[in-house]
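A short worksheet on the structure shown next.
Numbering (our numbering), first residue to last: 17 to 99.
Spelled out as structure tokens, the structure:
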């Protein structure tokens, strides 16, 4: 193999995924708490055109994902059960 060939890096001209590996869907907004995409957008991501992905990526900063308020958890459930 020629030296110049061994330095060639394979690249793709595609929009990368905005996934942050925080995969939880907010029950109110129905958006992922990590990346702000909807379930439908996440499911279709691989089959979307680069243009469609770019439109979604451009809109993500405008989305209200969560108020930052905890929804409860164990302590809230115990409070609700208490007389």
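No residue lacks a Cβ here, since even glycine has one placed at the ideal position from N, Cα and C.
Excluding the 5 residues flanking residue i on each side, which residues of the same chain have their C-beta closer than 6 angstroms to its C-beta?
i, result
"residue 63", "none"
"residue 17", "Residue placement at residue 17 cannot be trusted, given a pLDDT of 47 that sits under 50; the coordinates are not used to answer."
"residue 36", "50, 51"
Leaving out five residues before and five after residue i in sequence, what residues of the same chain have Cβ atoms less than 8 angstroms from its Cβ?
i, result
"residue 76", "34, 51, 52, 53"
"residue 81", "42, 45, 47, 48, 49, 52"
"residue 61", "33, 53, 69"
Starting from the C-beta of residue i, find all residues in its chain whose C-beta is less than 7 angstroms away, skip the five residues before and the five after it, and write them out in chain order.
i, result
"residue 96", "none"
"residue 38", "49, 50"
"residue 57", "72"
Under DSSP, the alpha helix (DSSP H) around residue i begins and ends at which residues?
i, result
"residue 93", "90 to 97"
"residue 69", "66 to 75"
"residue 60", "55 to 60"
Buried or exposed for residue i, going by 16 or more other Cβ atoms inside 10 Å?
i, result
"residue 93", "exposed"
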